[in-house]
Every structure is written in structure tokens, then in C-alpha cells.
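The sequence shown begins at 5 in my numbering and counts up by one.
Note that CB positions come from ideal geometry on N, CA and C, so glycine has one too.
The model shown is predicted, which means the values in this text are computed figures rather than measured ones.
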Amino acid sequence: MEERRLAVIVFTDIVGYSRMVQTDERLALELLEEHNRIVGQLIDGKGGQTLKTAGDSFLASFESAGAAVAASAGIQQALAVRNEGLPEERQLHVRIGIHAGDVVFTDDPAGGRDVLGDGVNVASRVEAQASGGEVFVSHDVFSITYDRVPFGYRDVGVRDLKNISRPIHIYELLWDPARQSEADAQPPRSPAAAGSNKGARIGYAVGAIAVIAAAAVIIFHSNPGTEDPLAQRPAMAVMGIEDRTGDDDAYLGRIAHDAIEQYFYEFQPIRLVSPLRVARARRELGLDDGASDLASIASLTSAIDIRLAATGQLTRRGEQLHFTASLYDLAGEGKVLVRRSWTADNDNQLLALVDSACTAFQQRLADVFEFEMDDFRIARAGDMTTHNLDAYAHFVRGHDLAYAGFLEEGASELIKATQIDTGFALAYSITACALSFDKQDSLSGHYFNLALQHADDRLVE
5 MEERRLAVIV FTDIVGYSRM VQTDERLALE LLEEHNRIVG QLIDGKGGQT
55 LKTAGDSFLA SFESAGAAVA ASAGIQQALA VRNEGLPEER QLHVRIGIHA
105 GDVVFTDDPA GGRDVLGDGV NVASRVEAQA SGGEVFVSHD VFSITYDRVP
155 FGYRDVGVRD LKNISRPIHI YELLWDPARQ SEADAQPPRS PAAAGSNKGA
205 RIGYAVGAIA VIAAAAVIIF HSNPGTEDPL AQRPAMAVMG IEDRTGDDDA
255 YLGRIAHDAI EQYFYEFQPI RLVSPLRVAR ARRELGLDDG ASDLASIASL
305 TSAIDIRLAA TGQLTRRGEQ LHFTASLYDL AGEGKVLVRR SWTADNDNQL
355 LALVDSACTA FQQRLADVFE FEMDDFRIAR AGDMTTHNLD AYAHFVRGHD
405 LAYAGFLEEG ASELIKATQI DTGFALAYSI TACALSFDKQ DSLSGHYFNL
455 ALQHADDRLV E
């Protein structure tokens, strides 16, 4: 069975292993066994899945770029400690490459899982650029994990890789604390952010809507110089929005589900559990994709480590749209934190309903977990997306085309979305990404700046 989705791919191999085998085959096999144990344990320990081992190489997938980076850093740190004091012939030096992209998972004849696609090819070529003891990542992984992992990055530069049609920007993960002074790589920042003294940060979450939530431009603000109260953030999952409107072509359930995930993606007091992880747990438990009843929530809670669960239901009475949303605290015996209903005059007001629900959720969470809402400024879900369903339909088509590899066609649909709703910040952002991958850098920069402009314009004061 084939399954296409976004994944973070990690490649590793031992530098000079062929020479080891030729010099002392018995020692080489002994070192390989030790290597496999160290690498396998660290991949498993960070939630990764080892898909294939071939000789001295590992191929693994992760749902989280941060977890992939942490596992890779852990591998290099463990090997560095292991190598101390050993003669050169007994040392293990590994190179690692990481890339996030669209891949196809398949069942192999031996009953295991294999993975194919552009995302795998890029990860393999990025790994080949590294030397022993190095972790190289693509720009996609860098942009997701920068400032989210306790390591800096060194800019390696843009390189043409074998059998890859586009240049790939590569960065070295500085996993060794002694090398943090070498960090010289930073993601692009808007002029407004660069000149701000309020510590505003801009985050981009780009992922396939069907499996990882809508990509988002989310802006938040926190007061500098204060202690971080968020070290133990409760984990939250959006379990599903049941669409009972009878209009499957209107994307209403999908819009609401994606918007809630977008809203909480970088809401600092909460840690949003990867939608990929939730989807995988559903499959393993045999649950329907949209199942959000209490029994299903309880089953998922036992399978994934979550404290909070959000659910909802959409219904229609005549032209009016009704949205009932619930937020559960699953600690102990579990309890309902919020259960409320909101009504709109028509479908075009759906995201206003989502904003109302998310605001109610956040206010209740502030009471339960004792944080001040004034410390956070969030761009409303509707402000980053759109209230216009025609614009959203073009956005969905464009997003799916772009992430299937049809970059020019996808960008065309996304641009149509921005023409219908000229303030659609999220569509500008994904247009910029699609054009960048299509190597239209000048046009990509134009849409990137528009995304920042419209995100700044709609920031909630």
C-alpha cells in the first residue's frame, strides 16, 4: 500500500567503512554492530522510525524536524564521547543529512516499510556533502528548526547536487557546544521585525493541509527579559471537526480544523502535537479520520502523550451556520474546559466563528494554567487565512498542486486566491514558497514581502 505525505528524512553512514572492512573485517563488523545500536536507540528515543539499513547506512523518518535534529545531534555527541581515548582504527565517524519533503511510503516484499520520492533523494545528497562528525540540513529543515533547538547553524552555502534539478541551500548543525561561536546563519526577517524593540518574532509553518495543517504565517509577541514560564507546556491535539452541513464541496470542516491548528501552532503556552502523529495514531488504532467522540479521544490519549483535546461540530439551519466547539482537559478523569456554540449568518463567516472558539479556549487555558493573555499577541486565524470561500478553494488547489510537485500550476492557483482576497497573507506566503522551489527567486521575494506586509497589517494589537 502506498501512502504519500510530508516527512523529515534522515540519512547516516560511517565515513571510511569500506576501508575498515578491507583492513580488518572482524573489527569492522564489531564496530558496525556498536554503531547500529547507538544510532538505532537515538532514532527510536526521539520518535523516529528506522526504515532501512544497508551496510553502514541508516534511513529513518521523523514527523518532527526538531526531533530529527535532536536525534542527529545526540548521535554525534554520543559518538564523540565514545571516541575519546580510543585509537583511530576503533573510532566511529558518521555523517548525517536531513531534509523535509514530500515522500511516498510503500510496503516492501519483506513486510517492512520503504520510502521513495524527491524528499528522500535530497536528504541522501545533502548527507553526501557532509564529512565525518557533521550534520548537514537543507534550508527547509533549517527554517523550521532555527531558534527552536539548542544549537546554532553554520551557512554552508547553495550547492548543485547530483540528480537534483534545483540548487539546495545547506547548513551545518553545530551540535558541539564548543562550536556555537561559529553560528552565522539566520532566517530572513522582515524590516519591521528587524527594527522592533519588542522582540516580535515571525514563524512560518508550511505543511500539506491534508496531513499537517495549513501552512501559516503566525505572529506573536512576548515581553523580553521575563522568566520563561513555559518549560512544561501542556500538549494539545485537534481531534477533528465534524462537518454535518451536508455540503462536502465547501471544505467547511477542513477550513475549521486547519484554522484551529494554525491558531495554536505558535501559541506559546501550548505545545501543539503534530497532526502527523495524531493521524498515525488513528491509523494504528483503526479509528476514522474524523472520529472525535469521547471514546476515540480516550483511545488517542493513551496512544499519544496529550493533555488537551479540541473538537468541534458544524451544522446548518437554513442559511445560518452553527459551530459547537469543545476543549477537554484529559488529566486524571478528564473534564470539559470549554463547550460553547456560536452562530453566523452564512458560510463566509466561518473563520470568525473559529476565532471566537479559539479565543474562548485561550482565555480558559489562561485561567487553568495561570498565564497572562496580555503577554501574547496572536494574529487571528481569519486574518492569516481568508473569509472568502472562493479564495480558499483556489488556495487548496494551489497548495495541493505545489506540494505534489506542480509548482508553476500551484503558484498560479495561489495567485488567483490573492487576487480574490488581496489581504490573504497565508496565500502570499505559500506562493512565495512555491516560486522559490521553482527557482523564480525575484518573484518569490515579491510575494514573501507581501506576506509579511499583510501579516503585519493584521496583527492583533
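In whole angstroms, what is the alpha-carbon distance linking MET243 and VAL277? 10 angstroms
So, at 6 angstroms on beta carbons, what are the nonlocal neighbours of LEU454 in its own chain, with the 5 sequence-adjacent residues on each side left out? TYR432
Relative to the alpha-carbon of PRO238, which residue among ALA335, ILE79 and GLU376 has its alpha-carbon at the smallest distance? ALA335
Using a Cβ-Cβ distance under 7 angstroms, would ARG286 count as near chain D? Protein chains in the displayed structure number just one, and chain D is not present.
Can you give, in chain order, each stretch of the alpha helix (DSSP H) that sits fully within the stretch 286-321 and has at least 4 residues? 298-307
Measuring alpha carbon to alpha carbon, tell me which residue in ARG23, PHE15 and GLY49 is nearest GLU138. PHE15
Since I believe THR328 is in contact with SER345 (beta carbons under 8 angstroms), could you give me their beta-carbon distance rounded to a whole number of angstroms? 4 angstroms
Apart from the five residues on each side of it in sequence, which residues of its chain come closer than 7 angstroms, Cβ to Cβ, to LEU447? LEU439
Looking at VAL73: is its Cβ nearer than 7 angstroms to the Cβ of THR149? yes
If we count Cβ pairs, one from each stretch, closer than 8 angstroms, do we get three or more for the stretch 125-132 versus the stretch 64-82? no
Consult DSSP for PHE375 and reduce its assignment to one of helix, strand or coil. coil
Determine the direct distance from the alpha carbon of ARG163 to that of PRO171, and round the result to whole angstroms. 5 angstroms
Taking the C-alpha atoms as reference points, what is the distance between SER142 and THR54? 20 angstroms
Going by DSSP in three states, LEU454 sits in which element: helix, strand or coil? helix
Let me make sure I understand the geometry here. Which of GLY105, PHE452, ILE47 and ASN40 has the alpha-carbon closest to that of ASP60? ASN40
Would you mind giving the Cβ-Cβ distance between GLU186 and LEU178, rounded to the nearest angstrom? I have them listed as a contact below 8 angstroms. 6 angstroms
Which runs of the beta strand (DSSP E) fall wholly inside the stretch 134-186 and span at least 3 residues, in chain order? 139-142, 156-163 and 172-178
Measure how close the beta-carbons of ALA415 and ALA421 come, nearest whole angstrom, since I'm counting them as under 8 angstroms. Actually they are not in contact, since the Cβ atoms of ALA415 and ALA421 sit about 11 angstroms apart, beyond 8 angstroms.
How far does the beta strand (DSSP E) with GLY105 in it reach, from first residue to last? 98-111
Less than 7 angstroms separating the beta-carbons of ILE245 and ALA263? no
Closest Cα partner of ALA58 within the set GLU93, ALA283 and ASP118: ASP118
Taking the DSSP output, what are the residues bridged to LEU411? Answer is none; LEU411 lacks a bridge partner.
Return the residue from the list VAL342, LEU341, LEU357 and ARG275 that minimises the CA-CA distance to ALA348. LEU357
Sort ALA11, SER360 and ALA84 by Cα distance to VAL4 and report the nearest one. This structure cannot settle anything about residue 4, because the visible part of the chain is limited to 5 through 465.
Between LEU355 and VAL342, how many whole angstroms is the CB-CB distance? I'm expecting something under 8 angstroms. Their Cβ separation, rounded to whole angstroms, is 18 angstroms, which puts LEU355 and VAL342 out of contact at 8 angstroms.
C-beta atoms of ALA104 and ASP144 nearer than 7 angstroms: yes
Measuring CA to CA, which of THR435, GLY316 and GLN366 is closest to PHE452? THR435
Classify GLN486 as buried or exposed, calling it buried when 16 or more other Cβ atoms lie within 10 Å of its own Cβ. The structure shown does not extend to residue 486, since the chain spans only 5 to 465, so no value can be given for it.
Tell me which same chain residues have a C-beta within less than 8 angstroms of the C-beta of GLY20, skipping the five on either side of it? HIS97 and GLY136
Since LEU439 is in the alpha helix (DSSP H), which residue starts that stretch and which ends it? 429-441
List the whole-angstrom C-beta distance separating GLY121 from ASP106, where the pair is believed to meet the contact cut-off of C-beta under 8 angstroms. 6 angstroms
Is the distance from the Cβ of ILE47 to the Cβ of ALA75 below 7 angstroms? yes
Taking C-beta to C-beta, are ILE486 and ARG281 nearer than 7 angstroms? Outside the shown range of the chain (5 to 465) lies residue 486, about which nothing can therefore be said.
Have a look at the DSSP bridge pairing and note the partners of GLY52. In DSSP, GLY52 forms no bridge with anything.
Do ILE42 and ALA82 have their C-beta atoms closer together than 7 angstroms? yes
In its own chain, which residues sit with a C-beta less than 6 angstroms from the C-beta of ARG320, not counting the 5 before and 5 after it? THR249
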